[in-house]
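Visitor:
In the numbering used here, the protein residues as written are 4 to 256.
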């Protein structure tokens, strides 16, 4: 695209945009936001990173609307705690601490004060973290429960229709079913197990972390609904046992 084309789309004058490209003028904060939205690059990275060293593959991803490394080929830094025995532990994000997670997830001072625990049946070579759940959007997991997630480095391993803990810049910690969107690499569909909640879409560039659901801890026992066929079989089984007991008593008498 020509400078004139881009300038028109951004509502800049051509001379202003040319000055930004040539480094003889600096855009205002308002114009930086416009540039960030137009090129789909986070404002922080646009200011701090040297975008001239990005590879062709990375620019192709940006052109598709995917700025983050969804394949996990680059190292994602994860701040974690270890026990006195130098073993991985599970950090528990409390309801009180969840509000600060999107800012403190990479801060050692935030992580080190979190309560921790261990579960012996989990894999030793994986990283786990516990997150609080509020609301009724994901039954049978009830409000007040804690879901344990396994950290995902490679987001391409996400499977349709499976539950994940998704950490987003806007909504913070959400526990949802993830589905890929056909023909789109830049968005996921998030839905609830409660049909009263409508599915919605989130851009991958707005996602900070994704954790695969492993299990959950709750003090609430879910209600068990017995299918009609199984209920009929159970009743018939009881009837047969009663008849056998009646026959036995009659014979004994």
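Just so you know, even glycine gets a beta-carbon here, dropped at the ideal spot from N, CA and C.
Which runs of the beta strand (DSSP E) spanning at least 3 residues fall entirely within the segment 102–182, listed in chain order?
Guide: Taking only runs of at least 3 residues, the beta strand (DSSP E) segments lying wholly in the segment 102–182 are 131–135, 149–154 and 165–171.
Visitor: Nearest-angstrom Cα distance between residue 19 and residue 35?
Guide: If I take the Cα positions, the gap works out to 12 Å.
Visitor: How would you write the range of the beta strand (DSSP E) that residue 190 sits in, first residue to last?
Guide: Per DSSP, residue 190 belongs to the beta strand (DSSP E) from 187–194.
Visitor: State the Cα-Cα distance for the pair residue 97 and residue 135, rounded to the nearest angstrom.
Guide: Spanning the two alpha carbons is a distance of roughly 6 Å.
Visitor: By the DSSP assignment, the beta strand (DSSP E) with residue 40 in it spans what residues?
Guide: Where residue 40 is concerned, there is no enclosing beta strand (DSSP E), although the alpha helix (DSSP H) it sits in stretches over 32–42.
Visitor: Would you call the CB atoms of residue 215 and residue 159 closer than 7 Å?
Guide: No, the pair does not count as a contact, with Cβ atoms beyond the cut-off.
Visitor: Applying the criterion that 16 or more other CB atoms from any shown protein chain within 10 Å of the CB defines a buried residue, is residue 179 buried or exposed?
Guide: It is buried - the Cβ of residue 179 has at least 16 other Cβ atoms within 10 Å.
Visitor: Keeping to the same chain, check which residues put their C-beta closer than 7 Å to that of residue 157; ignore five residues upstream and five downstream.
Guide: Hits under 7 Å: 74 and 75.
Visitor: Looking at the secondary structure, which residues open and close the beta strand (DSSP E) in which residue 94 lies?
Guide: Counting along the chain, the beta strand (DSSP E) containing residue 94 begins and ends at 93–95.
Visitor: Do residue 148 and residue 138 have their C-beta atoms closer together than 7 Å?
Guide: It is not a contact, given that the beta carbons lie outside the stated cut-off.
Visitor: Within 8 Å, do at least three Cβ pairs link the segment 161–178 to the segment 230–250?
Guide: The segment 230–250 is not in contact with the segment 161–178.
Visitor: Under the DSSP definition of a beta bridge, which residues are partnered with residue 216?
Guide: Answer by DSSP bridge pairing, in chain order: 152.
Visitor: Look at the alpha carbon of residue 86 and the alpha carbon of residue 122, and state the distance between them as a whole number of angstroms.
Guide: So the two alpha carbons sit approximately 13 Å from each other.
Visitor: Identify every residue that forms a DSSP beta bridge with residue 184.
Guide: Partner(s): 187.
Visitor: Which of the three DSSP states, helix, strand or coil, is assigned to residue 243?
Guide: Of the three classes helix, strand and coil, the one that applies to residue 243 here is helix, per DSSP.
Visitor: Out of 115, 70 and 249, which one is the CA nearest neighbour of residue 57?
Guide: Comparing Cα positions, the closest option is 70.
Visitor: Determine which residues share a DSSP beta bridge with residue 206 and list them.
Guide: Note: residue 206 sits in a beta bridge opposite 190.
Visitor: Give me the Cβ distance between residue 205 and residue 224, rounded to the nearest whole Å; I'm assuming they're in contact under 8 Å.
Guide: Actually they do not touch by this definition, with Cβ atoms about 32 Å apart.
Visitor: Looking at C-alpha atoms only, which residue of 169, 88 and 116 is the closest neighbour of residue 95?
Guide: Checking every option, the nearest Cα to that of residue 95 belongs to 116.
Visitor: Buried or exposed: where does residue 219 fall if 16 or more other Cβ atoms within 10 Å of its Cβ makes it buried?
Guide: Result: buried.
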